[in-house]
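If you read the sequences in order, they're chains A and B. The opening residue of the first sequence carries number 37 in our numbering; numbering runs sequentially from there. The opening residue of the second sequence carries number 37 in our numbering; numbering runs sequentially from there.
Protein chains: 2
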Amino acid sequence: MTERKEPLTVVKVGGKIVETPESLEKLLNNFSQIEGHKLLVHGGGRSATAFASKLGIETQMIDGRRVTSAEMLDVVTMVYGGLVNKNLVAKLQACGVNALGLTGADMNVMLAHRRPVKNGVDYGFVGDVDSVDASHLASLIRSGITPVMAPLTHNGEGTLLNTNADTIAGETAKALASEFDVTLVFCFELAGVLADPDDEASVIAHINAETFETLKRDGIVVGGMIPKIENSLAAVRAGVKRVIITRADALGTSKGTTIE
Amino acid sequence: MTERKEPLTVVKVGGKIVETPESLEKLLNNFSQIEGHKLLVHGGGRSATAFASKLGIETQMIDGRRVTSAEMLDVVTMVYGGLVNKNLVAKLQACGVNALGLTGADMNVMLAHRRPVKNGVDYGFVGDVDSVDASHLASLIRSGITPVMAPLTHNGEGTLLNTNADTIAGETAKALASEFDVTLVFCFELAGVLADPDDEASVIAHINAETFETLKRDGIVVGGMIPKIENSLAAVRAGVKRVIITRADALGTSKGTTIE
């Protein structure tokens, strides 16, 4: 007899969505209507860049990742952990969602190590995840709490680390997969994985390990989409029920690309 | 038969202590050694003022309270809820304390309303506490978590509010008094309530409702100390076992003034 697990939807939204009032309102509305247990992971890069600039701190990106000096770490701690996270929590409370904002340091949820310097590239205070302790998180979710996670982890020695929000979402989803029937939703700027990059209607509805190989071989899935789908398939192999790549405004509908 | 409640120590520390590296280290050390359940409430006013100034936002205080414009609300949300709170959490984790940082919006712990304009004075986004929901907090504490509370509440309609840290500590202690045997510690710049303001050795060890009347009548307790003791006596009437006013570096010792 297999025990039936309760469903949990883990949603990752980028900074762009939570930083624009109109798209934020739609997101809060759609997210709060998701039935069953849920968890939100957010970014906040644009606000961090804007705020850093106000403080005279220059933003440096390498391969789309923020180089995080000690000064920039303070900025992302304030913006991700404070401004964005706590405003999301307050707004979700107003939508009837009993949210709890946290970083990977809170309840020791996510331990990471500082990314080592490689080929002369030093990302600074950027963390690569080592382990996830989802036990307290699982109890809270069962008791009706909706965790809202900022893209920050810690090294266990008192230092916070800036960590990619996609990674936080993926690792959290995997860690909770033994306790819940997890659907991981990546909100994306497009309607899903497109068969034709110029045609928003060409969403590929389903991808699995087998069809992914064909899509790659035929040159339909290319570039940055490849690691995204590879990570999704890895999450599925690690026990996540399904991964959905979709537009934020399609949250809660069956639109988008389902990877399982 | 009276059920024996587990002890809980609620400690309030001002911004000055958590913002100075040396006193912060001592605090973390002393706080982490407190036996049994514990909860920390912190300020952060100096950092907020410093950050606001870097952003070109002027700090205005009325009767020692910060006037909180929309811009200043963003600053305190970043500094109290992000910078100070999350760094405290990471540093407590490094001391072996499984901390969880939160504001009153998180888990809907503390609902407040915006302070009405009175005698032409508008404090802006400052919240006066209406209610405390300590149920989730109590479960977390029992499961080994140490909450770390930033001085922010929310109005239930999506807006965060800046709220005095002493009030947060007092209201939280009272709300948890039905579940725990609560000692509320206010860390203070002096060794306790002094019989002679010029003599640090003249700490009054115990004050109760009766002796307080005498101390007031004899002019020994004056000025800002009066409301502090009145609030402490009110907490005791509301079920808090004892209130201790002491220096942060005496945390965990029997020094200071005990009000019960």
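For glycine and all other residues, C-beta sits at the position ideal for the given N, C-alpha and C.
Three-state secondary structure (DSSP) of residue i
| i | result |
| --- | --- |
| Leu64 of chain B | helix |
| Thr95 of chain A | coil |
| Arg40 of chain B | coil |
| Lys90 of chain B | helix |
| Ile295 of chain A | strand |
| Asp30 of chain B | Residue numbering for chain B in the displayed model covers 37 to 296; residue 30 of chain B lies beyond these limits and cannot be assessed. |
| Thr56 of chain A | coil |
| Ile256 of chain B | coil |
| Phe216 of chain A | coil |
| Leu226 of chain A | coil |
For residue j and residue i, believed in contact at Cβ under 8 Å, the rounded distance
| i | j | result |
| --- | --- | --- |
| Ala209 of chain A | Val46 of chain A | 4 Å |
| Ile93 of chain B | Met108 of chain B | 6 Å |
| Gly255 of chain B | Asn198 of chain B | Going by Cβ atoms, the distance from Gly255 of chain B to Asn198 of chain B rounds to 35 Å, so no, they are not a contact pair. |
| Ala118 of chain A | Gly117 of chain B | Reading the sequence as shown, one finds Gly at residue 118 of chain A and not Ala. About 4 Å; that satisfies the 8 Å criterion. |
| Ala286 of chain A | Leu63 of chain A | Not confirmed; about 11 Å, so no contact. |
| Ile205 of chain A | Val77 of chain A | Inspection of the sequence shows that residue 205 of chain A is occupied by Ala rather than by Ile. Contact flag correct, Cβ pair sits at about 4 Å. |
| Glu55 of chain A | Ser89 of chain A | Incorrect: roughly 14 Å between the Cβ atoms, too far for contact. |
| Ala217 of chain B | Glu61 of chain B | Position check: residue 217 of chain B holds Asp in this sequence, whereas Ala was assumed. Going by Cβ atoms, the distance from Asp217 of chain B to Glu61 of chain B rounds to 29 Å, so no, they are not a contact pair. |
| Leu269 of chain A | Ala245 of chain A | 6 Å |
| Leu188 of chain A | Thr139 of chain A | 4 Å |
| Glu296 of chain A | Val272 of chain A | 6 Å |
Identity of the residue in the options nearest residue i by Cα
| i | options | result |
| --- | --- | --- |
| Asn123 of chain B | A:Ala141, A:Val115 and A:Val120 | A:Ala141 |
| Ile181 of chain B | B:Val279, B:Val125, B:Gly156 and B:Val168 | B:Val125 |
| His190 of chain B | A:Ala130, A:Phe224, A:Asp285 and A:Gly194 | A:Ala130 |
| Asn65 of chain A | A:Arg82, A:Gly79 and A:Lys127 | A:Lys127 |
| Tyr159 of chain A | A:Thr104, A:Gly292 and A:Arg253 | A:Thr104 |
| Gly259 of chain B | B:Val229, B:Asp169 and B:Thr203 | B:Val229 |
| Glu236 of chain A | A:Leu196, A:Glu266, A:Thr293 and A:Val276 | A:Thr293 |
| Asp99 of chain A | A:Asn200, A:Glu246 and A:Gly206 | A:Asn200 |
| Ala174 of chain A | A:Val157, A:Glu193, A:Val165 and A:Ser214 | A:Ser214 |
| Thr282 of chain A | A:Lys264, A:Gly275 and A:Val272 | A:Lys264 |
| Asn134 of chain A | A:Gly192, A:His149 and A:Ile177 | A:Ile177 |
| Gly192 of chain B | B:Ala148, B:Ser179 and B:Thr139 | B:Ala148 |
| Pro183 of chain A | B:Phe216, B:Ser89, B:Leu188 and B:Asn144 | B:Asn144 |
| Glu207 of chain B | B:Val157, B:Val120, B:Thr247 and B:Asn267 | B:Asn267 |
| Gly194 of chain B | B:Val218, B:Arg150 and B:Gly156 | B:Arg150 |
| Ala231 of chain B | B:Phe248, B:Val257, B:Glu71 and B:Cys223 | B:Val257 |
| Gly132 of chain A | A:Met146, A:Gln69 and A:Asp110 | A:Gln69 |
Residues sharing a beta bridge with residue i, DSSP
| i | result |
| --- | --- |
| Met185 of chain A | A:Val77 and A:Leu138 |
| Thr45 of chain A | A:Lys74 and A:Thr219 |
| Asn244 of chain B | According to DSSP, Asn244 of chain B bridges with nothing at all. |
| Asn200 of chain B | Answer is none; Asn200 of chain B lacks a bridge partner. |
Which ranges would you report for the alpha helix (DSSP H) in the segment 99 to 178 of chain A if only whole runs of at least 4 residues count? 106 to 112, 121 to 130 and 171 to 178
Note down, one range per segment and in chain order, each beta strand (DSSP E) of at least 3 residues found wholly within the segment 266 to 294 of chain B. 278 to 283
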